[in-house]
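So the sequence lines, in the order shown, correspond to chains A and B. Be aware that the first sequence starts at 31, since it is given in my numbering, and climbs by one per residue. Be aware that the second sequence starts at 135, since it is given in my numbering, and climbs by one per residue. Following: one structure in structure tokens, then a few remarks.
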Amino acid sequence: MVGAAFGFVLGWARVTDHDVIRNMLLLREPDVFLIMMSAIATAALGVRALRALKARAIVDDSPVNWKVEPPAKRHIGGSVLFGLGWSIAATCPGPVAAQLGRGQFAGLWTVRRPFDRNTRVRPPAHTEHGSRGTEVRRHHRRRIVRFR
Amino acid sequence: MDALTLRAPWFIAGPLIGLIVTLLLWVTNKPLGALGGYIELTGWTRGRPGPGWRIYFTLGIVAGGLLSALAGDGWTATFAYGSFDQLFGTSLLVKAVVLAAAGALMGAGGRLAGGCTSGHGVCGMSFGSPASLVSTVTFIATAIGAAHVIAWLLGRGV
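What follows is the structure, encoded as structure tokens:
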């Protein structure tokens, strides 16, 4: 349910559109940065309010809290790779799922790679592209059909 | 319903996303992240226990996208991908290869960094995590730089 709400807002704000993200990255319009910043500000207040009120999680009654991590090299290395992919596809893991729901099937191909690769920590060798494309693509198409 | 056919302005979409982060933390006591669902799904298909809540969350995003299309302009299936088509051409094969490569970079990078735009960029930042700040600055800077390089290389006035 919460995921659906997230997907709805992503679709509504059109961050599922290639051009919207591209205009953001080319610094043509500030909207997506403003979305991120206002989301951060709202969430920062919201989660601190929950913690201050000693709220308990609805599913398992654990006290609401979170962990923070110190920065490490992997955050920089991983984020450089992520940023490159982001700039090419002009979408990222959240919006791409919302794209599928919106019928923007170009997202199918963008989705495919994280599925294949994510269990490995090392970046993939690029020579392996395309070998299993058709099969996985059909798999996704079936998955989508269920949502129609 | 008119408001739903238009693009939501940032001062509505942003705070709503912030409230969703808050709500998810309240319900599950877990940080929001879109990438986790893909990671869990890969693990699940390889015999790990599942499906966990992150898969449902990511499927929820798909459903939410569907709802937003139904509530807005209506749902149409398309492979068209905006100015991407002008940059890289409309060939489905090229699109598949380029987007799959981009997806691979994001998958590997996001996994390595432990978060994506929603995980580090919005959720981790709101928690005040130093790792998220470093990650977010890095991927936004990289993406802005790379987008300009792509526009310069493939520009064609798009």
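No residue lacks a Cβ here, since even glycine has one placed at the ideal position from N, Cα and C. Here the structure is a predicted model, which is why all the values come from computation and not from measurement.
Residues of chain B with a Cβ closer than 8 Å to the Cβ of ALA102/A are, in chain order, ALA265. Using a CB distance below 7 Å, the part of the stretch 78 to 89 of chain A facing chain B consists of LEU80, ALA85, ALA87, ILE88, VAL89, ordered along the chain. Taking 9 Å as the CB threshold, LEU287/B stays off the interface with chain A.
Interface annotation for the stretch 251 to 262 of chain B against chain A: THR251, SER252, GLY253, HIS254, GLY255, VAL256, CYS257, GLY258, MET259, SER260, PHE261, GLY262, criterion Cβ-Cβ distance under 9 Å.
For the pair GLY108/A and ALA235/B, the CB atoms are not nearer than the 9 Å cut-off. Secondary structure at PRO93/A: strand, using DSSP grouped into helix, strand and coil. With three or more CB-CB distances shorter than 8 Å, the stretch 151 to 165 of chain B counts as touching the stretch 54 to 74 of chain A. For ARG86/A, the secondary structure class from DSSP, reduced to helix, strand or coil, is strand. Contact annotation: ALA242/B and THR272/B have beta-carbon atoms that are not nearer than 9 Å. Only exposed fits PHE145/B, as fewer than 16 other CB atoms lie within 10 angstroms of its CB. Listed in chain order, the beta strand (DSSP E) runs fully inside the stretch 213 to 279 of chain B amount to none, counting runs of at least 3 residues. For VAL94/A, the closest of LYS164/B, THR192/B, VAL196/B by C-alpha to C-alpha distance is LYS164/B.
Boundaries of the alpha helix (DSSP H) around LEU157/B: 144 to 162. Of the candidates HIS254/B, VAL196/B, TRP160/B, TRP160/B places its Cα closest to the Cα of ASP90/A. In this structure, ILE118/A lies near LEU233/B, with their beta-carbon atoms less than 9 Å apart. Counting only unbroken stretches of 4 or more residues, the alpha helix (DSSP H) elements lying wholly within the stretch 58 to 82 of chain A are 61 to 82, in sequence order. For the pair MET240/B and LEU111/A, the CB atoms are nearer than the 9 Å cut-off. Boundaries of the alpha helix (DSSP H) around ALA119/A: 103 to 119. Each residue's CA atom was taken as its position, placing ALA265/B and ALA230/B some 33 Å apart. Taking the CA atoms as reference points, HIS254/B sits about 9 Å from PHE261/B. Pairing VAL256/B with ILE189/B gives a Cβ-Cβ distance that is not under 9 Å. The alpha-carbon separation between LYS103/A and THR192/B amounts to approximately 28 Å.
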